[in-house]
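Novice: Before I ask anything, here is the structure I am working with.
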Amino acid sequence: MKYAIVNGERSEARRGLVGECPACTSETIAKCGDIYAHHWAHKGRRICDPWWENETEWHRVWKNLFPAEWQEVVHLADDGEKHIADVQTEDGWTIEFQHSLIKPEERISREEFYENLVWVVDGKLRPTYEERFLKSLEYAPLPIPNFPVARFRDVKGRLLDQWAGRPVHVLIDFGEQKPLWWLIPKQGIRGQWITRVSREQFVQALGPKNERGESDFARTAKNYIEVIRNFEAMEQRARTIRTTTVDPLAFRRRGGVRRRGPGWRL
Ligand SMILES: [Zn+2]
Numbered sequence: 052m053k054y055a056i057v058n059g060e061r062s063e064a065r066r067g068l069v070g071e072c073p074a075c076t077s078e079t080i081a082k083c084g085d086i087y088a089h090h091w092a093h094k095g096r097r098i099c100d101p102w103w104e105n106e107t108e109w110h111r112v113w114k115n116l117f118p119a120e121w122q123e124v125v126h127l128a129d130d131g132e133k134h135i136a137d138v139q140t141e142d143g144w145t146i147e148f149q150h151s152l153i154k155p156e157e158r159i160s161r162e163e164f165y166e167n168l169v170w171v172v173d174g175k176l177r178p179t180y181e182e183r184f185l186k187s188l189e190y191a192p193l194p195i196p197n198f199p200v201a202r203f204r205d206v207k208g209r210l211l212d213q214w215a216g217r218p219v220h221v222l223i224d225f226g227e228q229k230p231l232w233w234l235i236p237k238q239g240i241r242g243q244w245i246t247r248v249s250r251e252q253f254v255q256a257l258g259p260k261n262e263r264g265e266s267d268f269a270r271t272a273k274n275y276i277e278v279i280r281n282f283e284a285m286e287q288r289a290r291t292i293r294t295t296t297v298d299p300l301a302f303r304r305r306g307g308v309r310r311r312g313p314g315w316r317l
């Protein structure tokens with residue numbers, strides 16, 4: 052962890068300091084070696100939060116893009132379950148930075164525990180992830196005019212197998228110089244919607260709330276979802292019309308026997 056409580060204050064690790072875990076209050080020791088970023092470790096046992104992932108440089112760089120008071124925020128559920136969120140924004144988004152593989156059950160538990168979860172996933176975990184991802188993207192059309200959101204019909208590769216179709220926002224990070232690929236929460240049944248955003252735009256959008264009390268991220272996310280829902284509803288209506296329209300010509304030719312459903316043709 053980056054923070055522990057020392058003399059009642061959140062403090063970063065410094066050599067020789069002893070602190071208290073903000074989640075379970077047990078003793079933590081400052082680890083200040085040369086290899087890993089300075090951090091706190093629980094004395095004599097594993098961390099109290101089973102969801103906690105060993106922190107890498109990648110985690111640290113991401114967290115540090117946000118204000119210190121948004122980092123490592125303890126969440127307590129009504130039933131007493133406690134977890135430490137990587138980042139908690141002012142308007143209530145929890146950002147979890149996921150470097151390693153995660154079990155499907157744990158992914159679902161976290162999506163249910165946090166009210167507004169955003170995953171940021173390390174796309175560099177496997178060298179093949181990016182190539183397979185970009186290959187899939189070649190077959191993803193942008194069906195909504197003047198709206199920069201593509202739709203994967205089917206997803207391929209281990210990265211998308213894990214992260215497509217989630218009910219929450221997922222951003223995939225392929226490296227600092229590259230755009231973040233933003234998987235929009237699953238809407239209808241016809242594929243995964245995706246857009247892209249720069250790292251700076253993403254971080255800034257999560258930033259301070261605007262006069263309406265929400266972040267630009269919240270506003271943008273709502274807008275994407277609304278446009279996508281309207282588009283999917285329109286597609287659905289078009290399909291319904293195609294399958295239920297009675298063609299009067301065909302009706303006469305077939306001697307007045309009404310037939311319904313697909314397959315109603317001349
Ligand atoms: Zn603890």
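Under our numbering, the letters of the sequence shown match residues 52 to 317, in that order.
All C-beta atoms in this analysis are idealised placements derived from N, C-alpha and C, irrespective of residue type, glycine included.
This structure is a prediction, so every number in the text was calculated from the model and none was measured.
Could you tell me which of Glu286, Arg288, Ala256 sits nearest to Lys273, measuring between CA atoms?
Specialist: Ala256
Novice: Can we say the region 232-248 touches the region 198-208, given the rule of at least three CB pairs closer than 8 Å?
Specialist: yes
Novice: Exposed or buried, which one is Met285 when buried takes at least 16 other CB atoms within 10 Å?
Specialist: Exposed: under 16 other Cβ atoms inside 10 Å.
Novice: Could you say which of Arg183, Thr294, His150 lies nearest to Val221 if we only look at CA atoms?
Specialist: Sorting Arg183, Thr294, His150 by C-alpha distance to the C-alpha of Val221 places His150 at the top.
Novice: Under a three-way DSSP split, which group does Trp214 fall into?
Specialist: helix
Novice: Measure the CB-CB distance between Phe253 and Gly174 and report whether it falls below 9 Å.
Specialist: no
Novice: Quick one, are the C-beta atoms of Glu166 and Gly131 less than 9 Å apart?
Specialist: no
Novice: Only counting the same chain, and skipping five residues up and downstream in sequence, which positions put a Cβ closer than 6 Å to that of Arg183?
Specialist: Gly208
Novice: Only counting runs of 3 or more residues, tell me where the beta strand (DSSP E) segments fall wholly within the region 177-204, in order along the chain.
Specialist: 201-203
Novice: If contacts are defined as beta-carbon pairs under 8 Å, then Val171 and Phe198 qualify, I think. What distance do you get, rounded to the angstrom?
Specialist: Not confirmed; about 24 Å, so no contact.
Novice: Taking Cβ to Cβ, would you say Cys72 is nearer than 9 Å to Trp91?
Specialist: yes
Novice: What is the DSSP secondary structure of Ser160, reduced to helix, strand or coil?
Specialist: Reduced to three states, the DSSP call for Ser160 is helix.
Novice: Buried or exposed for Gln139, please, with buried defined as at least 16 other CB atoms from any protein chain shown within 10 angstroms of its CB.
Specialist: buried
Novice: Could you give the distance in angstroms between the alpha-carbon of Leu116 and the alpha-carbon of His110?
Specialist: Leu116 and His110 have their alpha carbons spaced roughly 10 Å apart.
Novice: Are the beta-carbon atoms belonging to Ala201 and Ile135 less than 9 Å from one another?
Specialist: no
Novice: Any heavy atom of ligand 1 closer than 8 Å to the beta-carbon of Ser77?
Specialist: yes
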